[in-house]
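Colleague: First the structure, then my questions, so here it is.
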Amino acid sequence: MSSIPDPDRIFSIASMIEFEGLALDIFRYQFSQNAVYRSFCLALNKNPENVYGLIQIPFLPISAFQNNRVVSFEGKEKIMFTSSGTTGSIPSKHFVLEPSLYERSFTEGFRRFYGDAAEYCIMALLPGYLERSDSSLVYMVDNLMRRSGHPESGFFLNNPATLAGKLEKLHNAGEKILLIGVSFALLDLAEQYPVKIPNAIIMETGGMKGRREEIVRELLHEIISKAFEVESIHSEYGMTELLSQAYSTGQGLFDCPPWMKVAIRDINDPQTYVRPERTGGINVIDLANLHSCSFIATQDLGRVLPNGQFEVLGRFDHSDTRGCNLMVS
4 MSSIPDPDRI FSIASMIEFE GLALDIFRYQ FSQNAVYRSF CLALNKNPEN
54 VYGLIQIPFL PISAFQNNRV VSFEGKEKIM FTSSGTTGSI PSKHFVLEPS
104 LYERSFTEGF RRFYGDAAEY CIMALLPGYL ERSDSSLVYM VDNLMRRSGH
154 PESGFFLNNP ATLAGKLEKL HNAGEKILLI GVSFALLDLA EQYPVKIPNA
204 IIMETGGMKG RREEIVRELL HEIISKAFEV ESIHSEYGMT ELLSQAYSTG
254 QGLFDCPPWM KVAIRDINDP QTYVRPERTG GINVIDLANL HSCSFIATQD
304 LGRVLPNGQF EVLGRFDHSD TRGCNLMVS
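Structural data, given as structure tokens:
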């Protein structure tokens, strides 16, 4: 039986060699402890004896989280996150053994890209925590709000007029603002209550979910940036099945924290990878997913650029619309 890797190693990775070494340790651990993942690996004739590098590690289809208990631990989880999905679809479930590991992942990830949450007033066009305590995104934003400590931080999905007034007041006072929200709500706010907040960070998390007609990402960002007079629109790439997030500061180009990597698989041969700048399915390695599965084949289409950034270009046909997914571009 493989022993559990030290979680401190996850957040101290300083090189690709360290990343690969820890990824292989986690693969061996999850193969031994995760029945769902082990069965999948064995079906592909993969095991710790014939997996020697990242390129050989099998990626579990994300749909496994819909009908299975994908865990690498025994006993009861501390919290369960559930995807929003659409009416009639089967939600994914992510059983989280240690919420503190998720909190460490998103706080350290946020700090790497944006600094300390305490520097911001964080305002969200998302359901409140009491409405969606089973949403990993809402859990993260609620935690970051509490870390910000700003009296005006809060959820405003049902109070856009109030939010617009507060945004203008905070901007005029020179406060640092982070406005994060689902795409349809940001678009509604832009059309109904445009305010000039050029120094604010506006971050969309994707998701029309049938609330509005889908539009390409470039047009969405153009409408929002013009309404609020900001230079660019930021984005967050995360999902129920992950405990880490990638961020884009503009143009839909995402960067990962050191403990998260993206690779692009061939659409017709899921066990092979395409060259940089070629479109394929997005595979994610999230080493913070220590207690579930760190190797996930998503239903998103994308490409990796030569500099290591990646783009999300859409979704596979017939895949469920997910609340945290980005727009088709």
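Each residue of the sequence shown is one higher than the one before, starting from 4 at the first, in the working numbering. Glycine included, each C-beta is placed from N, C-alpha and C at the ideal position.
Hey, would you say PHE68 sits closer than 8 Å to MET83, going by beta carbons?
Modeller: Going by C-beta atoms, PHE68 is not nearer than 8 Å to MET83.
Colleague: Can you tell me which of LEU246, GLN302, ASN292, LYS79 puts its alpha carbon nearest to the alpha carbon of ARG318?
Modeller: Of the candidates LEU246, GLN302, ASN292, LYS79, the one whose C-alpha sits nearest the C-alpha of ARG318 is GLN302.
Colleague: Buried or exposed for GLN248, please, with buried defined as at least 16 other CB atoms from any protein chain shown within 10 angstroms of its CB.
Modeller: By the 10 Å Cβ count, GLN248 comes out buried.
Colleague: Kindly indicate which residue of GLU77, ILE226, PHE43, VAL233 has the alpha-carbon position closest to the one of SER186.
Modeller: Ranking GLU77, ILE226, PHE43, VAL233 by Cα distance to SER186 puts ILE226 first.
Colleague: DSSP puts LEU63 in a beta bridge; with which residues?
Modeller: Paired residue(s): ILE299.
Colleague: With 16 as the cutoff for other CB atoms within 10 Å, does PRO279 come out buried or exposed?
Modeller: By the neighbour-count rule (16 or more Cβ atoms within 10 Å), PRO279 is not buried but exposed.
Colleague: Restricting to runs no shorter than 3 residues, where is the beta strand (DSSP E) found entirely within the stretch 112-146?
Modeller: 124-128, all fully within the stretch 112-146.
Colleague: Can you tell which of GLY311, SER6, LEU222 has its C-alpha closest to the C-alpha of PHE3?
Modeller: Not covered by the structure: residue 3. The range shown for the chain is 4 to 332.
Colleague: What residue does the beta strand (DSSP E) around ALA249 start on, and which one ends it?
Modeller: Where ALA249 is concerned, the enclosing beta strand (DSSP E) stretches over 249-251.
Colleague: Report the three-state DSSP secondary structure of SER156 (helix, strand or coil).
Modeller: Coil, per DSSP.
Colleague: Tell me whether ARG293 is buried or exposed, calling it buried when 16 or more other Cβ atoms sit within 10 Å of its Cβ.
Modeller: Checking the displayed sequence, the identity of residue 293 turns out to be Leu instead of Arg. Buried is the call here.
Colleague: Which value, in whole angstroms, describes the spacing of the CA atoms of ARG135 and LEU129?
Modeller: The alpha-carbon atoms of ARG135 and LEU129 are separated by roughly 9 Å.
Colleague: How long is the line joining the alpha carbons of ILE200 and PHE159, rounded to whole angstroms?
Modeller: Taking the straight line joining both Cα atoms gives about 17 Å.
Colleague: Would GLU207 pass as a contact of ILE236 if the rule is Cβ separation under 8 Å?
Modeller: For GLU207 and ILE236, yes; Cβs fall inside 8 Å.
Colleague: Could I get the ranges of all uninterrupted alpha helix (DSSP H) runs contained in the stretch 158-240, with 4 residues as the minimum, in chain order?
Modeller: Entirely contained in the stretch 158-240, the alpha helix (DSSP H) runs reaching 4 residues are, in chain order, 163-175, 186-195, 220-231.
Colleague: Locate the beta strand (DSSP E) running through LEU316, then write down its first and last residues.
Modeller: From DSSP, the beta strand (DSSP E) with LEU316 extends over 313-318.
Colleague: Out of MET263, PRO260, VAL307, state which residue places its alpha-carbon closest to the alpha-carbon of ASP269.
Modeller: Checked all of MET263, PRO260, VAL307; the closest Cα to ASP269 is VAL307.
Colleague: By a C-beta neighbour count over all protein chains shown, 10 Å radius and 16 as the cutoff for buried, is GLU244 buried or exposed?
Modeller: GLU244 should be labelled buried.
Colleague: Which word fits TYR55, buried or exposed, when buried means at least 16 other C-beta atoms lie within 10 angstroms of its C-beta?
Modeller: Flag for TYR55 reads exposed.
Colleague: Taking the alpha helix (DSSP H) that ASP28 falls in, what are its first and last residues?
Modeller: ASP28 -> alpha helix (DSSP H) spans 19-36.
Colleague: Which word fits PRO260, buried or exposed, when buried means at least 16 other C-beta atoms lie within 10 angstroms of its C-beta?
Modeller: It counts as buried.
Colleague: Assuming PHE313 and GLY305 are in contact, meaning their beta carbons sit under 8 Å apart, how far apart are those beta carbons, in whole angstroms?
Modeller: Yes, they are in contact, since the Cβ atoms of PHE313 and GLY305 sit about 5 Å apart, within 8 Å.
Colleague: Distance, Cα to Cα, ASN286 vs GLY131?
Modeller: Distance between the alpha carbons of ASN286 and GLY131 is about 30 Å.
Colleague: Less than 8 Å between the beta carbons of VAL144 and ILE125, yes or no?
Modeller: Yes, the pair counts as a contact, with Cβ atoms nearer than the cut-off.
Colleague: Distance, Cα to Cα, GLU122 vs LYS172?
Modeller: Using only the alpha carbons, I get a separation of about 17 Å.
Colleague: Given this structure, state the Cα-to-Cα distance separating GLN254 from SER103, to the nearest angstrom.
Modeller: Near 32 Å, if we compare the C-alpha coordinates of SER103 and GLN254.
Colleague: Which same chain residues end up closer than 6 Å to LYS264 when comparing Cβ atoms and leaving out the 5 residues on each side of it in sequence?
Modeller: The residues are ILE288.
Colleague: What does the alpha-carbon distance come out to for the pair ASP9 and SER151?
Modeller: Distance between the alpha carbons of ASP9 and SER151 is about 29 Å.
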